[in-house]
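In the order they appear, the protein sequences are chains A and B. All residue numbers for the first sequence refer to the working numbering, where the first residue is 143 and numbers rise by one. All residue numbers for the second sequence refer to the working numbering, where the first residue is 143 and numbers rise by one. We treat Cβ as the ideally placed atom computed from N, Cα and C, and that holds for glycine. One structure is given here, and the rest of the page talks about it.
Protein chains: 2
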Amino acid sequence: MRDFTADHRWLSINTATVRRQRGADWPLAEILDACAARGIRAVSPWRDQVAAAGLQATARQLRALDIALSGYCRGGMFSYADAAGREAARDDNRRALDEACTLGAPCLVLVVGGLPGALAGTPAHRDIAAARAQVSDGIAALLEDARERRMPLAIEPLHPMYAADRACINTLEQALDVCDALDPGRSGALGVAVDVYHVWWDPKLQAQIERAGARRLLALHVCDWLVPTTDLLNDRGMMGDGVIDLRRIRGWVESSGFTGCSEVEIFSTRWWRRDGGEVLDTCIERHRRCV
Amino acid sequence: MRDFTADHRWLSINTATVRRQRGADWPLAEILDACAARGIRAVSPWRDQVAAAGLQATARQLRALDIALSGYCRGGMFSYADAAGREAARDDNRRALDEACTLGAPCLVLVVGGLPGALAGTPAHRDIAAARAQVSDGIAALLEDARERRMPLAIEPLHPMYAADRACINTLEQALDVCDALDPGRSGALGVAVDVYHVWWDPKLQAQIERAGARRLLALHVCDWLVPTTDLLNDRGMMGDGVIDLRRIRGWVESSGFTGCSEVEIFSTRWWRRDGGEVLDTCIERHRRCV
């Protein structure tokens, strides 16, 4: 297992972690500069942040700062209420793939979508099995585009509390079943993103990480689960402040051959209130001490 | 599949649903009278409500009103930080068994506990595998007491969002693995409570309900999952207000041989603000229309 205590060469910052500071948006260009100033060598930006900063400008800045990507957030949202919705999702995901290529991402992370309309508060139906079938078909179609571009797709199973509105793939086992069905040859074009926040509770976690293996483990996201958790979306904890056994899970992931970055992804109104530079410093310190 | 539209003979009210009305506690004796007045033939009371009303007085009232129990809430909380904690849990669970016998419950529902201390905000450690081992040992020990009393134990898998602080058994598969380990002969002494709120998202739900079968399906709890859900604990929805396909899940449960009550269990600050009688009337109406 790699020693994270002495430096932070394997740390990546998911830029959602500092998308706001002191209650206001923090522009991506400034985030990248602040990361570079601290010797952070990798990030995972969100599409809306990249769009606001400009795709080409972001690609140039990343090259100039010698910052790599550990992933690109995010594609997905495959479920749909009608044919127009399906085509819009396909088109949008192709654009996400192209952006990921421009930025040199190692994978496009997929948050697959839940019941169509649910995220907007108006679910079209209650048939989660049907949504799951749409998701599987959507990944299958996108996989063709992804193979052409040599951009791996990383299915991110989301915590079951997001099954209705964000992602109906909710366990690593379920994500790997999709991988097995769509890429039985384990080509490397399709894998998973393991975010400890979503999967730490799973009694089958270790076994499924082993099942995934190096070819399918495309990303590792870290943060912590607070007790109590007071908001379903924006109350993630800083590493060390919660109950997730981060070192144990990283051990399983590395034993299975994963050698990529450990990416800090924290959605938290309380951390978004702080100074962004302080949050990055805390991420570095906690990553050394707790991950 | 039984027809619930014409009457509510199979409806049970978990008394937590109306433990408060108009913002104040509603005494159990009044709840039972209100249920009887509406032709509700079964309830599942909570231990603190029974203690406040008096155990013997509650047993007498239930007999006088000819109201049966669909379960007794709840035993469990097996994980512990030290030997004294283990013994305290064992003693408390024995008392719960005795109360369940006095009240004529068909089963004692088990919420098994999470990381020791987590519910109080001070988790003793991060080792959920260790907590799970304590839970399994605790159920094994209690099963002896339960067999003596001929009181079945119903393990209730709780939603993964409660894994840290309330229950580290989080899927039906995991609960049934414990049943298989501790009662391989399927004696009927150990089974599961299926609460749709906790398990609706599970891609393996149908298969695991079939695996459970009539001997292990001891209780069915219904409510709904709201989008958005704004509180992890007290924002359950009334049947029909959310995204759970209640009829489909009840179909699976009944196809597997379950013939018991459908128990409405809603923790909701918004419903606790209403008049309790109105809430009961709504439960009856929604149970006919949506379950």
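Within chain B, the residues whose beta carbon sits less than 8 Å from that of I386(A) are R268, listed in sequence order. The residue among A260(A), G213(A), T313(A) and L245(A) with its C-alpha nearest the C-alpha of A201(A) is L245(A).
For A296(A), none of the residues of chain B pass the 8 Å Cβ criterion, the least Cβ distance being about 19 Å.
Using a Cβ distance threshold of 7 Å, L295(A) and A288(A) count as a contacting pair.
Neighbours of D307(A) in chain B, taken as residues whose beta carbon is under 8 Å from its own, are V369 and P370 in chain order. The C-beta distance from E396(B) to R144(B) rounds to 7 Å, short enough to meet the 8 Å contact threshold. A direct Cα-Cα distance of roughly 25 Å separates L207(A) from V433(A).
Residues of chain B whose Cβ lies closer than 7 Å to the Cβ of A260(A) are, in chain order, V369 and V385. According to the DSSP assignment, Y222(B) belongs to no beta strand (DSSP E), since it is labelled neither H nor E. At a cut-off of 7 Å, the C-beta of Q276(A) has no neighbouring C-beta in chain B. Contact annotation for Q316(A) against chain B: P345 [CB-CB distance below 7 Å, chain order].
For P265(A), the closest of H301(A), P302(A), L422(A) and D307(A) by C-alpha to C-alpha distance is D307(A).
If only uninterrupted beta strand (DSSP E) runs of at least 3 residues are considered, those enclosed by the region 346–390 of chain A are 359–364.
Scanning A260(B), R291(B), V253(B) and S398(B) for the CA closest to the CA of S278(B) turns up V253(B).
When the five nearest sequence neighbours on each side are left out, the beta carbons in the same chain lying within less than 7 Å of the beta carbon of F400(B) are those of A356, L359 and L362, in order along the chain.
In this structure G165(A) is in contact with R415(A), their Cβ atoms being roughly 6 Å apart against a cut-off of 8 Å. Uninterrupted alpha helix (DSSP H) stretches at least 4 residues long and entirely within the region 394–427 of chain A occur at 411–414, given in chain order.
P265(B) has a beta carbon lying within less than 7 Å of a beta carbon in chain A. Taking the Cα of C321(B) as reference, the smallest distance to any Cα among V192(B), L332(B), L314(B) and T313(B) is reached at L332(B).
At a cut-off of 7 Å, the C-beta of L257(A) has a neighbouring C-beta in chain B. S186(A) counts as buried, since no fewer than 16 other beta carbons sit within 10 angstroms of its beta carbon. Secondary structure note for I270(A): its alpha helix (DSSP H) is the uninterrupted segment I270 to R291.
Here the alpha carbon of A199(A) sits roughly 29 Å from the alpha carbon of D149(A). Against chain B, the beta carbon of P302(A) has neighbours under 8 Å at H301, P302, M303, W343 and D344, listed in chain order. In this model, I281(A) and D344(B) are separated by some 20 Å (Cα to Cα). A distance below 6 Å between beta-carbons, with the five flanking residues on each side excluded, links L347(A) to the following residues of its chain, in chain order: V341. Rounded to the nearest whole angstrom, the CA to CA distance from H429(B) to G263(A) is 23 Å. Here G384(A) is buried: its Cβ has 16 or more other Cβ atoms, across all protein chains shown, within 10 Å.
Per the C-alpha coordinates, the member of T372(A), R392(A), L324(A) and T157(A) positioned closest to R189(A) is T157(A).
Only residues of its own chain outside the window of five on either side were considered, and among them L239 and C243 have a CB closer than 6 Å to the CB of R291(A), listed in chain order. As DSSP reads the structure, R328(B) sits in no beta bridge. Within a 10 Å sphere around the beta-carbon of T371(A) sit 16 or more other beta-carbons, which makes this residue buried.
The criterion of a C-beta distance shorter than 7 Å is satisfied by T411(A) and N376(A). In the structure shown, the three-state DSSP call for R216(A) is strand. Contact of N312(B) with chain A by beta-carbon distance below 9 Å involves P302, W343, D344 and P345. In the structure shown, D233(A) falls within a helical segment according to DSSP collapsed to helix, strand and coil.
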